[in-house]
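Here the sequence shown is numbered in the numbering used here, starting from 109 and rising by one per residue.
By construction, the Cβ of each residue, glycine as well, lies at the ideal position given by its N, Cα and C atoms.
Note that the coordinates shown come from a computational prediction; the quantities given were computed from them, not determined experimentally.
First comes the structure, then the notes that go with it.
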Amino acid sequence: MSRFPKATPPAGVAPRGITPFGIVLCGCLIAHPARAVPHHRPHHAPPAAISPVPATRAHATTTAPTHRAPDTPQAETIEVRANRGSYTVPATDIWGKSGVALKDVPHSISVITQERMQDSNMLTMTDAMRQVNGVRVLPGSSANSNFYSRGYQLTTSLDGTPNAAGTLNNASFDLSMYERIEVLRGAAGLLQGAGGAGGVVNEVTKKPGRDFALSGAAGVGSFDHYRADIDLSTPLNRSGTLRFRTADLFEDNRYFYQYSHSRKWQAYGALEWDITPTTTFLVSHAAQQQDITAPYFGLPVTTDRTLWYGGRSANPSQPWGYSNYMTQQTAVSLSHKIGRDWTLTARGTFYDQSYNMLYNEPWTTIDAKSGLLTYEDQGISAQKGTNVSRSADIYATGAFRLFHHTHHLLVGFNYNSYDQYVAYPDITGSGVYDNVSINNTATVPAPAPGSISYARSSGGAEGSDDNAFQWGFYGQLRLEPVRGLSVVLGGRISRFYEHERDAAPSPRGAWTTQSDIHAQLTPYLGTVYQITPNLSWYASYASIFTPSVGDMRYRGGGLAPQLGNQVETGFKGAYFHGRLNVSTALFRMESVN
109 MSRFPKATPP AGVAPRGITP FGIVLCGCLI AHPARAVPHH RPHHAPPAAI
159 SPVPATRAHA TTTAPTHRAP DTPQAETIEV RANRGSYTVP ATDIWGKSGV
209 ALKDVPHSIS VITQERMQDS NMLTMTDAMR QVNGVRVLPG SSANSNFYSR
259 GYQLTTSLDG TPNAAGTLNN ASFDLSMYER IEVLRGAAGL LQGAGGAGGV
309 VNEVTKKPGR DFALSGAAGV GSFDHYRADI DLSTPLNRSG TLRFRTADLF
359 EDNRYFYQYS HSRKWQAYGA LEWDITPTTT FLVSHAAQQQ DITAPYFGLP
409 VTTDRTLWYG GRSANPSQPW GYSNYMTQQT AVSLSHKIGR DWTLTARGTF
459 YDQSYNMLYN EPWTTIDAKS GLLTYEDQGI SAQKGTNVSR SADIYATGAF
509 RLFHHTHHLL VGFNYNSYDQ YVAYPDITGS GVYDNVSINN TATVPAPAPG
559 SISYARSSGG AEGSDDNAFQ WGFYGQLRLE PVRGLSVVLG GRISRFYEHE
609 RDAAPSPRGA WTTQSDIHAQ LTPYLGTVYQ ITPNLSWYAS YASIFTPSVG
659 DMRYRGGGLA PQLGNQVETG FKGAYFHGRL NVSTALFRME SVN
């Protein structure tokens, strides 16, 4: 949909056009007061966004001269400007937290910018990850997917702060609240801690700008797909030290497979305040409700062990099935500049999701010839629960001069935890439904009233509570011993603990320790050599630390953590003033437990 221009925001209206999503009408309005526009601080770029039409845009800009004689009439200046976005970024925060050029990072990194999201009509995190090189997307349901790189599941971070919620296989937020998506492939334990063997997805949220800007879009697409969103950024005082931004949407759609229907709304707001010229406070909150009818989890195989090709509209779920998700996330940060070269930052996030689902899964495979299969009441899948995650990160970044060269240092401490609660009901139905066509599963009846109970008195109802936390101290030193050569030394000391217990509707039980790891060292070593101003060679070594969580047990106890290492080397290039980035990588990973 439509967002804000990359360059100095012009006032005007974005064009109308047709995108792969359907017919889209969008508008963009940006106003500048008749005053000198203050310079944006380096970490507060003008609000970036674009039109959804994948073509060159032209905007008409009306500007008021900053200095004019009070009684001298002036003709209004009209400037027509082509607004060119970018598929690249000058620097990334996913590695080092201080903005490092992609070619100076000894790791494989991809960035999905706002321009790329719009031109490719990306609406969900699944859409974005399908466009990332080296990432495998495994759909979980109509609401979520799982992401893997180099054989391991990706972890997530929010604005650079590790966020355990991203590994809980739950419904993710819509892309409308994000400015860009950064993906680091390979071992990322230095900043993420436990479980970062596959890499990390850093979700960079939208921040308020100093100038008023408003954009919105509405679209109509195939399979009754309707969507509308609005994006507003505005200063709340004359000096622009207090700013607000909101990005909201509503979406209603069906799918190419039958019965399924999704309705989603999302609201995001961010308030930023320059307490002093060197201190900035930011608080944001996002809320999303998604209700899905007949959730789709894929098709079972046929009796001859092949996939079913009898019609792509087949859906094993029934029209009475549902999965509902309510997700909220709050983030707070405080950043303080110390002198010219150092910054101290503290961040915290709280994530809370509740869900409830009910559907009937096939009891047998699909008959390869007739397309028939069997359902049973005991095959009904029902559950409800919550996913809660808390994260905190405090760190200092800065530069110092030594032996006539500039070096960079990052030191910090972070903490994150998650709590998963899930309850399963007692199912008393005993119906068996034979000869159900995979193309007409609506004939499977809904559960009889009273046949599903979450009450503790029901013998088959049960629940569990799984809780884990980790914290660690980390550091990263980027040295430049000679011009054109950088050496990176880093490490992290981690503490990880997980335990679980029976919970309502089961009788509450005692906590059972699943994993307890102290002072786990995760070292890191890397180097980057600039062959030319545009081309660099890099090599790195990273340690892997992945605790065995959940029900993975061996001889009555938890499995040992998965330990290993990754060695990577490659070339990176940046051309045409950074508008073209190229890279190639060769890596080797080993892990044991």
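Selected residue, minimal CA-CA separation from ARG258, among ASN548, GLU676, GLY681
The option with the nearest alpha carbon to ARG258 is GLU676.
Assuming LEU340 contacts LEU322 under a Cβ cut-off of 8 Å, what Cβ separation, rounded to an integer in Å, is found between them?
The distance from the Cβ of LEU340 to that of LEU322 is about 5 Å, consistent with a contact at the 8 Å cut-off.
Using a Cβ-Cβ cutoff of less than 7 Å, which residues in the same chain neighbour ARG371 once the five nearest sequence positions on both sides are dropped?
Excluding residues within five positions, the ones whose Cβ falls inside 7 Å are ASP360, ASP399.
Who are THR200's beta bridge partners in DSSP?
DSSP lists VAL208 as partners of THR200.
Assuming ALA296 is part of the beta strand (DSSP E), what are its boundary residues?
Element bounds for ALA296: n/a, residue is neither H nor E.
Starting from the C-beta of ASP574, find all residues in its chain whose C-beta is less than 6 Å away, skip the five residues before and the five after it, and write them out in chain order.
So the qualifying residues of the chain are GLN528, GLU608.
From THR505 to TRP381, what does the alpha carbon distance come to, in whole angstroms?
Cα to Cα, THR505 sits roughly 21 Å from TRP381.
Between ASN423, GLU311, ASP282, which lies nearest to ARG362 when the distance is taken from Cα to Cα?
For ARG362, the nearest C-alpha among the options comes from ASN423.
What residues are listed by DSSP as bridge partners for LYS445?
Within the DSSP secondary-structure output, LYS445 pairs in a beta bridge with THR451.
Along the beta strand (DSSP E) that carries ALA236, what are the first and last residues, could you check?
Unbroken run through ALA236 is the alpha helix (DSSP H), 233-237; no beta strand (DSSP E).
Residue environment, THR551, which counts as buried when at least 16 other CB atoms sit within 10 Å:
With a threshold of 16 other beta carbon atoms within 10 Å, THR551 falls short and is exposed.
For ARG586, list the residues DSSP reports as bridge partners.
Residue pairing of ARG586 in beta bridges, as defined by DSSP: HIS516, VAL596.
Segment limits, alpha helix (DSSP H) that includes ARG244:
Run containing ARG244: none in the alpha helix (DSSP H); it sits in the beta strand (DSSP E), 243-247.
Between the Cα of SER249 and the Cα atoms of GLN461, THR384, TYR404, which residue gives the shortest distance?
Distance check between SER249 and each of GLN461, THR384, TYR404 places TYR404 closest, using alpha-carbon atoms only.
Element boundaries [beta strand (DSSP E), containing ARG498]:
Counting along the chain, the beta strand (DSSP E) containing ARG498 begins and ends at 488-510.
Here's the rule I'm using: 16 or more other beta-carbon atoms within 10 Å means buried, otherwise exposed. How should LEU266 be labelled?
LEU266 comes out buried.
Cβ pair count under 8 Å reaching 3, the stretch 418-436 against the stretch 537-555
Judged by Cβ distances under 8 Å, the stretch 418-436 makes contact with the stretch 537-555, as three or more pairs qualify.
Residue from SER691, LEU231, TYR649 whose Cα sits closest to the Cα of ALA295:
Nearest C-alpha to ALA295 among SER691, LEU231, TYR649: TYR649.
Can you tell me whether ARG420 is buried or exposed? The criterion is at least 16 other CB atoms within 10 Å of its CB, across all chains shown.
Exposed: under 16 other Cβ atoms inside 10 Å.
TRP471 versus ARG244 - alpha carbon distance
So the two alpha carbons sit approximately 29 Å from each other.
Can you tell me which of the three DSSP states ALA378 falls into?
In this structure, ALA378 counts as strand in the three-state DSSP scheme.
Continuous beta strand (DSSP E) stretch holding MET697: start and end:
Going by DSSP, MET697 is part of the beta strand (DSSP E) stretching over 688-700.
Three-state secondary structure (DSSP) of MET741
Past the edges of the chain, shown from 109 to 701, lies residue 741, and the structure says nothing about it.
Cβ pair SER218, ASN254 closer than 8 Å
No, the Cβ-Cβ distance between SER218 and ASN254 is not below 8 Å.
Hey, GLY304 and GLY297: beta-carbon distance below 8 Å or not?
Yes, Cβ-Cβ distance for GLY304 and GLY297 is below 8 Å.
Cβ-based burial, ASN191 [other Cβ within 10 Å; buried from 16]
Note that ASN191 scores a pLDDT of 37, beneath 50, so its modelled location is shaky and nothing firm can be said.
Can you find a heavy atom of the ligand HEM that lies under 7 Å from the Cβ of PHE679?
Judged by which ligands are present, the structure shown has none, so any question about the ligand HEM falls away.
Short of 8 Å in beta carbon distance, which residues of its chain neighbour ALA618, apart from the five on each side in sequence? Order them along the chain.
Hits under 8 Å: ARG609.
Using the Cα positions of GLY599 and LEU629, report the straight-line distance between them to the nearest angstrom.
GLY599 and LEU629: Cα-Cα distance of roughly 7 Å.
Rounded distance between the beta-carbons of TYR256 and LEU246, thought under 8 Å:
Contact between LEU246 and TYR256 is confirmed by a C-beta separation of about 7 Å, below the 8 Å threshold.
Of the choices ALA627, GLN491, VAL596, whose alpha-carbon is the least far from that of ALA569?
Residue GLN491 holds the alpha-carbon nearest to the alpha-carbon of ALA569 among ALA627, GLN491, VAL596.
May I ask which residues mark the beginning and end of the beta strand (DSSP E) holding GLN674?
Counted as a single uninterrupted DSSP element, the beta strand (DSSP E) harbouring GLN674 occupies residues 670-683.
Does the beta-carbon of LEU518 have 16 or more other beta-carbons within 10 angstroms, so that it is buried, or is it exposed?
Flag for LEU518 reads buried.
Are there 16 or more other CB atoms within 10 angstroms of the CB of SER368, so buried, or fewer, so exposed?
Here SER368 is buried, its C-beta having at least 16 other C-beta atoms within 10 Å.
I need the DSSP call for THR549, collapsed to helix, strand or coil.
Here THR549 sits in helix by DSSP.
Looking only at its chain, what residues have a beta carbon closer than 6 Å to the beta carbon of VAL690, apart from the 5 residues adjacent to it on each side?
Result list for VAL690: GLY681, in chain order.
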